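Step one of this worksheet: look at the structure below.
In the working numbering, the protein residues as written are 3 to 132.
Rendered as structure tokens:
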């Protein structure tokens with residue numbers, strides 16, 4: 003099994019976990035988010051919300067994912083977003099609006115043979131790893 007297959011399996015598993023495990027996942031030291039096919043953030047774990055300094059869930063859920071990306075990295079992230087919408091799992095680094103550096107992964111969610119949304123995972127990078 004390739005790394006990309008393992009990431010897809012992890013993504014599918016996360017989306018099917020029971021509520022008790024979802025509560026634990028809320029506070030993992032990574033951001034876990036789902037994005038609709040039109041680019042709207044539909045869910046994000048609590049730690050992910052906390053990574054977006056000064057914002058709360060109401061500021062994030064329902065907003066466009068790209069709005070939280072630095073202007074310099076929007077085109078680059080959009081390229082990865084478009085790959086994910088076509089079925090490709092990919093990882094990339096970017097800088098958020100408030101200057102934080104992230105390592106992120108997009109993984110398409112496939113249901114009944116169709117990509118219905120994209121799951122993402124992000125971690126904050128130390129300054130020298132971008």
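We put the beta carbon where it would ideally sit given N, CA and C, even for glycine.
Quick caveat, the model's predicted, so the values are computed rather than measured.
With DSSP as the reference, please indicate the residues paired to residue 35 in a beta bridge. Beta-bridge pairing links residue 35 to 46, 122.
If you draw a straight line from the alpha carbon of residue 116 to that of residue 83, how long is it in whole angstroms? Cα-Cα distance, rounded: 16 Å.
Whose C-alpha, out of 47, 71, 74, is nearest the C-alpha of residue 1? There is simply no residue 1 to check, as the chain begins at 3 and stops at 132 in what is shown.
Whole angstroms is fine: what's the gap from residue 91's alpha carbon to residue 85's? If you take the alpha carbons of residue 91 and residue 85, they lie about 8 Å apart.
To which residues of the same chain is residue 132 closer than 8 Å at the C-beta, ignoring the five residues directly before and after it? For residue 132, the predicted model reports a pLDDT of 44, less than 50, meaning its position is unreliable; a value from the coordinates is still stated below. Once the five neighbours on either side are set aside, the close Cβ partners of residue 132 are 95, 97, 103.
At which residues does the alpha helix (DSSP H) containing residue 66 begin and terminate? Where residue 66 is concerned, there is no enclosing alpha helix (DSSP H), given that its DSSP letter is neither H nor E.
Would you list the one or two residues that DSSP bridges to residue 109? Residue 109 has 121 as its beta-bridge partners, per DSSP.
Rounded to whole angstroms, what is the Cα-Cα separation between residue 80 and residue 58? Looking at the two C-alpha atoms, the distance is approximately 24 Å.
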